[in-house]
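Q: The structure follows.
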Amino acid sequence: MRLFQNSRFIILLILLAGSTCLAFDHEYTEYAGLLSKYVDQGRVDYAAMLNDRQPLDNFLRECSEVAFDEYKTFSRARQICFLTNLYNASALALILSRYPVESIQDLGSPFTSPWNRKSVSLFNHKVGLGHIQHDILRPEFKEPRLHFAV
Numbered sequence: 008m009r010l011f012q013n014s015r016f017i018i019l020l021i022l023l024a025g026s027t028c029l030a031f032d033h034e035y036t037e038y039a040g041l042l043s044k045y046v047d048q049g050r051v052d053y054a055a056m057l058n059d060r061q062p063l064d065n066f067l068r069e070c071s072e073v074a075f076d077e078y079k080t081f082s083r084a085r086q087i088c089f090l091t092n093l094y095n096a097s098a099l100a101l102i103l104s105r106y107p108v109e110s111i112q113d114l115g116s117p118f119t120s121p122w123n124r125k126s127v128s129l130f131n132h133k134v135g136l137g138h139i140q141h142d143i144l145r146p147e148f149k150e151p152r153l154h155f156a157v
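Residue numbers for the sequence shown follow this note's numbering, so the first one is 8 and each next one is one higher.
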């Protein structure tokens, strides 16, 4: 089972999301509950999460319904919160899609890395995790701590 090394930070970010992202149409309660249920001391219980995918799938569906125009009305903190949570939830979904795997790196192919695999629905487009991290989060927000949040 592969581990999320920074899961405590991720859970903290999710919990803080409620205080910084109140204007969202989306609630993070179900997603945070999923993380608190299946992440313990930095370890993700993917096998158990695989049998309880509905909260994760619901969250990803809700995120996919956010239009770009709506996202642009979010404050900077809300944008970071939204993208970071979407990235991490999408990484979980990617791992679960081929579980059991030793590493997320095993989900790539000779022609594409798992981070470039277009598995994330964002603003009516399919993008990869790398697009969220390297083309949006890093250049737009220039916040070095984001690397530890995703």
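No residue lacks a Cβ here, since even glycine has one placed at the ideal position from N, Cα and C.
Buried or exposed for residue 118, please, with buried defined as at least 16 other CB atoms from any protein chain shown within 10 angstroms of its CB.
A: Working through the sequence shown from its first residue, we reach residue 118 at position 111. With fewer than 16 other Cβ atoms within 10 Å, it is exposed.
Q: Just confirm the distance between the C-beta atoms of residue 103 and residue 57, as a whole number of angstroms; I'd bet it's less than 8 Å.
A: Numbered from its first residue, the sequence shown carries residue 103 at position 96. Numbered from its first residue, the sequence shown carries residue 57 at position 50. Confirmed, Cβ separation roughly 5 Å.
Q: Let's see if you can read the secondary structure: which residues bound the alpha helix (DSSP H) around residue 97?
A: Stepping through the sequence shown from its first residue, residue 97 is reached at position 90. Residue 97 -> alpha helix (DSSP H) spans 83-104.
Q: Bridge partners of residue 133, per DSSP?
A: Numbered from 1 along the sequence shown, position 126 holds the residue referred to as residue 133. Bridge partners of residue 133: 128.
Q: Exposed or buried, which one is residue 74 when buried takes at least 16 other CB atoms within 10 Å?
A: Start at 1 with the first residue of the sequence shown, and residue 74 comes out as number 67. When all chains shown are included, residue 74 counts as exposed.
Q: Could you check what DSSP says for residue 59 in three-state terms: helix, strand or coil?
A: Along the sequence shown, one-based indexing puts residue 59 at 52. Here residue 59 sits in coil by DSSP.
Q: Can you give me the Cβ contacts of residue 9 inside the same chain, cut-off strictly under 6 Å, excluding the 5 residues immediately before and after it?
A: Taking the first residue of the sequence shown as 1, we reach residue 9 at position 2. At residue 9 the pLDDT is 44, less than 50, meaning the model places this residue with poor confidence; the figure from the coordinates comes in the next sentence. Within the same chain, residue 9 has close Cβ partners 110.
Q: If you follow the alpha helix (DSSP H) that residue 146 is part of, which residue opens it and which one closes it?
A: Numbered from its first residue, the sequence shown carries residue 146 at position 139. 145-148 is the span of the alpha helix (DSSP H), which, as asked, contains residue 146.
Q: Give the C-beta separation of residue 99 and residue 63 to the nearest angstrom, bearing in mind that I take them to be a contact with Cβ-Cβ under 8 Å.
A: By 1-based counting over the sequence shown, the position of residue 99 is 92. By 1-based counting over the sequence shown, the position of residue 63 is 56. Right, their Cβ atoms sit about 6 Å apart.
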